[in-house]
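Numbering (this note's numbering), first residue to last: 1407 to 1555.
Heads up, the beta-carbon is just placed ideally off N, CA and C, and yes, glycines get one too.
Since this is a predicted model, take the numbers as computed values, not measurements.
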């Protein structure tokens, strides 16, 4: 009888040890998965940050290139005459003969005449308006409102 009890005790001890090992192994596996997940997330975050930085550099180069192109464009008399026509048509019936630059640009930016005269972006449009102001045909206020003179 003692032999049987000893064997049963031995079996129980083995089962207990096996169970304890499983309890230790499972958390370790879960912990490893968590570590892998964190590493993966860090890698993704790093790649995302790198992509964002590259995108910002590309956009800065594009902006710089557009600025250089805009600086190279000469504001011609033909451009100024076309713009003055649009300003006159859109501002003459307004109070104080005034119209906002943004409002005017949104009205004319798709017009065929603007495209033909190469008034194809807001910077060129503003430069044409500044030329008209220098010529004394319009006044551009600080809050970017155009008034016929």
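Residue i in three-state terms, based on DSSP
| i | result |
| --- | --- |
| residue 1634 | Past the boundaries of the shown model lies residue 1634; the chain is included only from 1407 to 1555, so the question cannot be answered. |
| residue 1504 | strand |
| residue 1476 | Since pLDDT at residue 1476 reaches only 48, below the 50 mark, its modelled position is unreliable, and no value is offered. |
| residue 1530 | helix |
| residue 1498 | coil |
| residue 1517 | coil |
C-alpha gap between residue i and residue j, whole angstroms
| i | j | result |
| --- | --- | --- |
| residue 1542 | residue 1465 | 37 Å |
Per DSSP, the bridge partner or partners of residue i
| i | result |
| --- | --- |
| residue 1546 | 1552 |
Selection from the options that minimises the alpha carbon distance to residue i
| i | options | result |
| --- | --- | --- |
| residue 1487 | 1547, 1447, 1523, 1529 | 1523 |
| residue 1548 | 1505, 1449, 1460 | 1505 |
| residue 1526 | 1540, 1413, 1489 | 1489 |
| residue 1530 | 1485, 1491, 1495 | 1485 |
| residue 1539 | 1493, 1459, 1520, 1500 | 1493 |
| residue 1546 | 1517, 1507, 1514 | 1507 |
Cβ of residue i within 8 Å of any chain B Cβ
| i | result |
| --- | --- |
| residue 1486 | No chain B appears in the structure shown, which is made up of a single protein chain. |
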